[in-house]
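Enquirer:
Residue numbers (our numbering): -19 to 387.
Next up, the structure:
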């Protein structure tokens, strides 16, 4: 009973954080981590016995990742006018990931004396933009900037997971390895299109009062089975979300008539609402739990702090260069490069024989917190600047109007 009451109260507080995020400009993730940490300290203070919850973190993280990428892809418009934006966001997701991964791997290899493969495996988790933090934090930006962040962070998740699996699960990197990797990409693309058609058909044809939960369960099932065979399963989530979220773009194809797109669009709207609600719940639970598992000593660990600051410095330099190349506005996009859910999941996925002493939980937590705080401060400052500019424009217009009236 106590656990149920506590969970309900924590999730209601998480909902308040989400409601007030647009006014306070503080990302709800930071508040969730802080709340989780406070709960942990309270359990120590009042000597409350809590079972070990560490093993539930990867489960929540995986489900959260699926739902977050699905929610983001359902929001995206896919048409000819978006091609330029997709190219820029793809470049923004891929190039910094590769450059930062190899740069950090070289530093770990050079200063730590570890093998380059192990160094690269441990470096990749720091190179992925967290869609779990980025997407909810940019609700108040312009539609083009918001779409850029959704595409960029979702693609960064996909590229990061694919790159990590390629490095971590291969012992050699010859022509055969790259050929097999290309085959895996082709297989998951085929699976994605077939599964999308079947799931869309089910979404349209199921008349039972329970219809969305089986669809979500099938999506998670396909994702997990694909992961067993080391296929880049997030591609399936992205393809499915983009396909059913852009049904109007498929109207000119004759084979889509049997899907009754008008009725299917209504079902997709309901499905989207369910995904948004479920994503909030799982994301809140994940970051509350992660905050609960954080120890104070891990946050203030001075041994890893220099490395954390160095990593964050390099990633923001690369982001500056990337935005300049893409000709995207520097502010506030420069600050929106948080690390989070994927960083944690990939870190937990590193097998014990390939772990590096330097890349530990303290370093992960410090990088996540630093990037989140920089994003928070950046969004706050740019929001104030926007408000000041708008106020000055309003005053100028009012002054011009009054002068016109006098004349």
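Ideal Cβ placement from N, Cα and C applies to all residues, glycine included.
These numbers were taken from a predicted model, which means no experiment stands behind them.
Please list, in chain order, all residues of the same chain as residue 103 whose beta carbon is under 7 Å from its beta carbon, the five residues on each side excluded.
Expert: Cβ neighbours of residue 103 beyond the five flanking positions: 81, 84, 85, 88.
Enquirer: Please confirm whether residue 320 and residue -7 have their CB atoms less than 8 Å apart.
Expert: No, they are not a contact pair.
Enquirer: Does the segment 326 to 341 come within contact of the segment 127 to 136, defined as at least 3 CB pairs closer than 8 Å?
Expert: Output reads no: the segment 127 to 136 does not touch the segment 326 to 341.
Enquirer: By alpha-carbon positions, which one of 74, 7, 260 ends up nearest to residue 360?
Expert: Among 74, 7, 260, the Cα nearest to that of residue 360 belongs to 7.
Enquirer: Using 8 Å for Cβ pairs, my map puts residue 76 next to residue 346. What's the rounded Cβ distance?
Expert: Actually they are not in contact, since the Cβ atoms of residue 76 and residue 346 sit about 20 Å apart, beyond 8 Å.
Enquirer: Would you grab the beta carbon distance between residue 318 and residue 352 for me? Rounded to a whole angstrom, and I think it's under 8 Å.
Expert: With 8 Å as the limit, residue 318 and residue 352 qualify as a contact, their Cβ atoms being about 5 Å apart.
Enquirer: Starting from residue 23, trace the alpha helix (DSSP H) both ways and give me its first and last residue.
Expert: Segment 8 to 25, the alpha helix (DSSP H) holding residue 23.
Enquirer: For the candidate residues 17, 311, 101, 36, whose alpha-carbon lies nearest to that of residue 140?
Expert: When only C-alpha atoms are compared, the closest one is 101.
Enquirer: What is the DSSP secondary structure of residue 38, counted as helix, strand or coil?
Expert: The answer is helix: DSSP assigns residue 38 an H, G or I state.
Enquirer: Report the residue ranges of all alpha helix (DSSP H) runs contained in full by the segment 192 to 225; include only those spanning at least 4 residues, in chain order.
Expert: Listed in chain order, the complete alpha helix (DSSP H) runs (minimum 4 residues) inside the segment 192 to 225 are 192 to 208, 214 to 225.
Enquirer: If you compare alpha carbons, which of 95, 313, 60 is closest to residue 298?
Expert: Ranking 95, 313, 60 by Cα distance to residue 298 puts 313 first.
Enquirer: So which of -3, 149, 29, -2 has the shortest CA-CA distance to residue -18?
Expert: Here the closest residue by C-alpha is 29.
Enquirer: So, does the segment 39 to 58 touch the segment 198 to 214, judging by three or more C-beta pairs under 8 Å?
Expert: Touching, yes.
Enquirer: Is residue 94 helix, strand or coil by DSSP?
Expert: In this structure, residue 94 counts as coil in the three-state DSSP scheme.
Enquirer: Does DSSP put residue 119 in a helix, in a strand, or in coil?
Expert: Reduced to three states, the DSSP call for residue 119 is coil.
Enquirer: Does the beta-carbon of residue 119 have 16 or more other beta-carbons within 10 angstroms, so that it is buried, or is it exposed?
Expert: By the neighbour-count rule (16 or more Cβ atoms within 10 Å), residue 119 is not buried but exposed.
Enquirer: Return the first residue and the last residue of the alpha helix (DSSP H) that residue 276 is part of.
Expert: Here the alpha helix (DSSP H) through residue 276 covers 276 to 279.
Enquirer: Does the Cβ-Cβ distance between residue 109 and residue 48 come in under 8 Å?
Expert: No, they are not a contact pair.
Enquirer: Below 8 Å, how does it come out for the segment 260 to 279 and the segment -15 to 0: are there three or more Cβ pairs, yes or no?
Expert: Yes: the two stretches touch, three or more of their Cβ pairs being nearer than 8 Å.
Enquirer: Cα separation between residue 99 and residue 16?
Expert: Approximately 31 Å between the Cα atoms of the pair.
Enquirer: Which of the three DSSP states is assigned to residue 319 in this structure?
Expert: Coil.
Enquirer: Using CA atoms only, rank isn't needed, just tell me which of 220, 206, 182 is closest to residue 55.
Expert: Nearest of 220, 206, 182 to residue 55, Cα basis: 220.
Enquirer: Could you tell me the alpha carbon to alpha carbon distance between residue 69 and residue 135, rounded to whole angstroms?
Expert: Each residue's Cα considered, the two are about 8 Å apart.
Enquirer: Which word fits residue 174, buried or exposed, when buried means at least 16 other C-beta atoms lie within 10 angstroms of its C-beta?
Expert: Exposed, since its Cβ has fewer than 16 Cβ neighbours within 10 Å.
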